[in-house]
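For the sequence shown, the positions run 1 to 302 when the UniProt record's numbering is used. Worksheet for the structure shown next.
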Amino acid sequence: MSVALLSAAAVALDALLGEPRRGHPLVAFGRFANRIEQRFNSGGRGWRSHGVTAWIIAVLPLTLLATALSWAPMIGWLVDILALYCALGLRSLGEHVEPVARALRKGDLDEARQRVGYLVSRETAELDETAVARAATESVLENGSDAVFAALFWFAVAGAPGVVLYRLSNTLDAMWGYRNERFERFGWAAAKIDDVLNYIPARLVALTYAVLGQTRLALKCWRTQGPTWDSPNAGPVMAAGAGALGVELGGAAVYHGELHQRPPLGEGVPASADSIDRGWQLVQRGVWLWLLILCLGAEFYA
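Printed below as a string of structure tokens:
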């Protein structure tokens, strides 16, 4: 079965079922990763070498298992579909961002703050309507890249082993990749590996956003604003996405009690419920475009 058909089947399964409500493999993996971190980084005393060892123990055995199962006769195609399905977060992303937009349209700022708090790590209790919309729009653009497009990319490149390697690495970055006293050294490997794995997908996503939105503005923002962002991958994605939508993102945000003056992203109107919806639609259209490209590629090489 072709990569295009397998990818389409996994996307359809995600659209139909959403994330598994019970026994999600990534939840179990998170508990496993927490035990590893307690063993190798007790009291935040782990060094970079400990972080490398912990990453290897957490990721490589499961990647090898996915490789063996995907090569198994009769069931390999099913393993491929299930691996990508478990890695995708398209429907879940919509289920998280749409309530933020609805709350803003109803004028329920408290509800909007609560809902956006499920999406972002910044403090949300004091955000005004524009700041809530800005946070949600940024989240849909960035999470669309991390939880959807990068998974599709690595599945296209290496099947189930590729998507498992990527998704577990991305999860460890979310858990360990902080620049604070506890994870500065130990989480270095997880953060750098995730940066490497996301480098090409992030730029393909930025290009996708540009093609499907205000192309000239998106490319301009990607070129001029993307490099100013701390993250080498989130910068191009969010700058291109903001330009594609013609909306102003970035700016000041409070993380863990500290005010961070982030560079501006995009150009145009202030963020609003409308920009959240258009960002979500941009991600959805991008998925259809990627599936179409995979289908055309399969036909070309057939």
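All C-beta atoms in this analysis are idealised placements derived from N, C-alpha and C, irrespective of residue type, glycine included.
Ile56 sits exposed, since fewer than 16 C-beta atoms from the chains shown fall within 10 Å of its C-beta.
Residue pairing for Glu248: DSSP places it in a beta bridge opposite Gly266, Pro270.
Thr224: member of the alpha helix (DSSP H) spanning 215–225, first to last residue.
Annotation: Thr228 is outside any alpha helix (DSSP H) and is labelled neither H nor E by DSSP. By the Cβ rule, the region 64–71 does not count as touching the region 184–201, because fewer than three pairs are nearer than 8 Å. As the crow flies, the alpha-carbon of Leu93 is around 34 Å from that of Pro73. Judged by DSSP in its simplified three-state form, Val254 adopts strand. At a Cβ-Cβ threshold of 8 Å, Met238 and Leu104 do not count as neighbours. Apart from the 5 residues on each side of it in sequence, Arg179 has no Cβ closer than 6 Å to any other Cβ in its chain. Counting only residues of its own chain and dropping the five nearest sequence neighbours on each side, Arg182 has a CB closer than 8 Å to the CB of Asn41, Gly44. As the crow flies, the alpha-carbon of Ala210 is around 42 Å from that of Gln38.
Using a Cβ distance threshold of 8 Å, Leu82 and Asp14 do not count as a contacting pair.
Closest in alpha carbon position to Ser139, among Arg278, Glu184, Trp222, is Arg278. Within the region 59–96, the runs of alpha helix (DSSP H) at least 4 residues long that lie entirely inside it are, in chain order, 76–87. For Phe32, the enclosing alpha helix (DSSP H) covers residues 25–40. One Cα belongs to Trp77, the other to Glu248, and the distance between them is close to 43 Å. For Leu197, the secondary structure class from DSSP, reduced to helix, strand or coil, is helix. With a 10 Å radius around the Cβ and a threshold of 16 neighbouring Cβ atoms, Asn34 comes out exposed.
If you draw a straight line from the Cα of Phe32 to the Cα of Glu267, it is about 43 Å long. For Glu184, no alpha helix (DSSP H) run applies, since DSSP gives it neither H nor E. DSSP, reduced to helix, strand and coil, places Leu204 within a helical segment of the structure shown. The three-state secondary structure of Leu259, taken from DSSP, is strand.
Between Gly251 and Ala68, the alpha-carbon positions lie close to 46 Å from each other.
Sequence-distant partners of Arg134 (beyond 5 residues in either direction) whose C-beta falls short of 6 Å from its own C-beta, in its chain, are Leu249, Ala271.
With a cutoff of 8 Å on beta-carbon distance, Arg48 and Trp229 are scored as not near each other.
Residue burial is scored here from C-beta neighbours: Ile75 has fewer than 16 other C-beta atoms within 10 angstroms and is therefore classed as exposed. DSSP places Gly18 outside both helix and strand once states are collapsed to three, so it counts as coil.
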